[in-house]
Amino acid sequence: MKKINFIKSLFLFLVLVLLSACNKNPFTGKNTMALIGNSSLMASSVVQYREFLNESKVITGTTEANMVKNAGDRIRKAAELWAAREGQSSYLDGYEWEFNLVDSREINAWAMPGGKIVFYSGILPLTQNEAGIAVVMGHEVAHAILNHGQQRASASILQQLGAVGVNILAADQSRETRALFMTLYGAGSTLFGTLPYSRAHEIEADQVGLTLMIIAGYDPDTAVEFWDRMSSLGGSSTPQFLSTHPSDVTRVEELRKYIPEARKKAASIGFI
Numbered sequence: 000m001k002k003i004n005f006i007k008s009l010f011l012f013l014v015l016v017l018l019s020a021c022n023k024n025p026f027t028g029k030n031t032m033a034l035i036g037n038s039s040l041m042a043s044s045v046v047q048y049r050e051f052l053n054e055s056k057v058i059t060g061t062t063e064a065n066m067v068k069n070a071g072d073r074i075r076k077a078a079e080l081w082a083a084r085e086g087q088s089s090y091l092d093g094y095e096w097e098f099n100l101v102d103s104r105e106i107n108a109w110a111m112p113g114g115k116i117v118f119y120s121g122i123l124p125l126t127q128n129e130a131g132i133a134v135v136m137g138h139e140v141a142h143a144i145l146n147h148g149q150q151r152a153s154a155s156i157l158q159q160l161g162a163v164g165v166n167i168l169a170a171d172q173s174r175e176t177r178a179l180f181m182t183l184y185g186a187g188s189t190l191f192g193t194l195p196y197s198r199a200h201e202i203e204a205d206q207v208g209l210t211l212m213i214i215a216g217y218d219p220d221t222a223v224e225f226w227d228r229m230s231s232l233g234g235s236s237t238p239q240f241l242s243t244h245p246s247d248v249t250r251v252e253e254l255r256k257y258i259p260e261a262r263k264k265a266a267s268i269g270f271i
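For reference, each letter of the sequence shown is one residue, going 0 to 271 in numbering that gives the first Met the number 0.
Right, here's the structure in full:
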């Protein structure tokens, strides 16, 4: 009976936490988890981003570096216009945008909370031009404005709370049984919680990023062309359901389907 009461109390607590710690995002209209403040995440990002740049070879003054900064600035303006059209201009207060190109063979780009974005030079042969850069830039800016970092941190907190609950419920079991319960919980919460959540974020960033690049004046068909080139590289052999990212094939299909909706949304917002 005590365990049943505990489960009910824990469930009620988690529901109350979720209901009281949600923010409505103007770019999706969805309520998202915010168990940790964006201000603290942004402050931490500034420090980590600066440390990374100090330890890396930042490329400046080249045609490619200028394209990265120009695409970033146009996508940023598109995000600000979108927020303004939703009557939420203040939503992006505190963002300190930076767009840097770093010398690396790695085919990658990433964003941190608050708009700190890095492109690796290894991705440039695939982007090919500024429109291609805008595809990736739109995706990374979308991660930032959708506060996906905050949501992942919040999901991690919930996962840890769940682990505490499992540990308490199994307190009177043998050490081996408790270890088994924790292993099953860890695998289950990752397979059915964390990984699908992460893949959903990627698709969401693709869609919002597509709209941003249209508002910024870029051709959305470039996104399909870029991901076709990415797909031709082969990529990871990890099955999609075990990956944090959707497969390239899934991405291309989703982008093709979403382009008409993105055009319609961009037209309702306007163009920079």
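The C-beta atom is built at its ideal place from N, Cα and C for all residues, glycine as well. Model, not experiment: these values are computed from the prediction.
Where does THR31 sit, in a helix, a strand or coil, going by DSSP?
Here residue 31 corresponds to residue number 32 of the sequence shown, with the count starting at 1. Reduced to three states, the DSSP call for THR31 is strand.
Any 3 or more C-beta pairs closer than 8 Å across the stretch 224-233 and the stretch 41-50: no
Cβ neighbours of PHE118 in the same chain (closer than 6 Å, five flanking residues each side left out): By one-based count along the sequence shown, residue 118 stands at place 119. Excluding residues within five positions, the ones whose Cβ falls inside 6 Å are VAL67, LEU100 and ALA108.
### Query
Which residues mark the beginning and the end of the alpha helix (DSSP H) in which PHE51 is found?
Here residue 51 refers to the residue found at position 52 when the sequence shown is read from its first residue. 37-53 is the extent of the alpha helix (DSSP H) around PHE51.
Checklist entry - Between ILE35 and SER88, what straight-line distance do the alpha-carbon atoms span, to the nearest angstrom? => result Here residue 35 corresponds to residue number 36 of the sequence shown, with the count starting at 1. Here residue 88 corresponds to residue number 89 of the sequence shown, with the count starting at 1. Each residue's CA atom was taken as its position, placing ILE35 and SER88 some 22 Å apart.
- Task: Taking the CB atoms as reference points, tell me whether LYS76 and ILE202 lie closer together than 7 Å.
- Result: The residue given as residue 76 occupies position 77 in the sequence shown. The residue given as residue 202 occupies position 203 in the sequence shown. No, the Cβ-Cβ distance between LYS76 and ILE202 is not below 7 Å.
Buried or exposed (CB count within 10 angstroms, at least 16 for buried), GLN150: The residue labelled residue 150 in the question sits at position 151 within the sequence shown. Per the 10 Å Cβ criterion, buried.
Measuring only the C-alpha atoms, how far is GLY137 from ILE116? The residue you call residue 137 lines up with position 138 of the sequence shown. The residue you call residue 116 lines up with position 117 of the sequence shown. Each residue's alpha carbon lies about 11 Å from the other.
task = Could you tell me the boundaries of the beta strand (DSSP E) in which ALA108 lies?
result = Sequence index remark: in the sequence shown, residue 108 carries index 109 (1-based). Segment 108-111, the beta strand (DSSP E) holding ALA108.
Exercise. Starting from the Cα of GLY208, find the closest Cα among MET111, VAL134 and PRO245 and give me that residue.
Key: Here residue 208 corresponds to residue number 209 of the sequence shown, with the count starting at 1. Nearest option by C-alpha distance: VAL134.
Among the candidates SER246, MET212 and TYR90, whose CA atom is the shortest distance from the CA of ASP227? Here residue 227 corresponds to residue number 228 of the sequence shown, with the count starting at 1. Sorting SER246, MET212 and TYR90 by C-alpha distance to the C-alpha of ASP227 places SER246 at the top.
Exposed unless 16 or more other CB atoms sit within 10 angstroms - verdict on GLN172: The residue given as residue 172 occupies position 173 in the sequence shown. GLN172 is exposed by the Cβ-count criterion.
- Of all the options ALA152, ILE258 and ALA204, which has the alpha carbon lying nearest to the alpha carbon of ALA143? One-based indexing of the sequence shown puts residue 143 at position 144. When each option's Cα is compared against that of ALA143, the closest is ALA204.
Check: So GLY45 packs on GLY113, CB below 8 Å; how close in whole Å?
Finding: For the purposes of this step, residue 45 is identified with residue 46 of the sequence shown, where counting begins at 1. For the purposes of this step, residue 113 is identified with residue 114 of the sequence shown, where counting begins at 1. Rather than Gly, the amino acid found at residue 45 in this sequence is Val. Taking 8 Å as the upper bound for CB-CB distance, VAL45 and GLY113 are in contact here, some 7 Å apart.
- From ASN22 to GLU252, what distance separates their C-alpha atoms? For the purposes of this step, residue 22 is taken as residue 23 along the sequence shown, with counting starting at 1. For the purposes of this step, residue 252 is taken as residue 253 along the sequence shown, with counting starting at 1. So the two alpha carbons sit approximately 30 Å from each other.
task = Starting from the Cα of ILE74, find the closest Cα among TRP96, ILE58 and ALA64 and give me that residue.
result = Indexing the sequence shown from 1 puts residue 74 at position 75. Minimum Cα distance to ILE74 is reached at TRP96.
Q. PRO25 and ALA82: beta carbons closer than 7 Å?
A. Looking up residue 25 in the sequence shown gives position 26. Looking up residue 82 in the sequence shown gives position 83. Yes, the Cβ-Cβ distance between PRO25 and ALA82 is below 7 Å.
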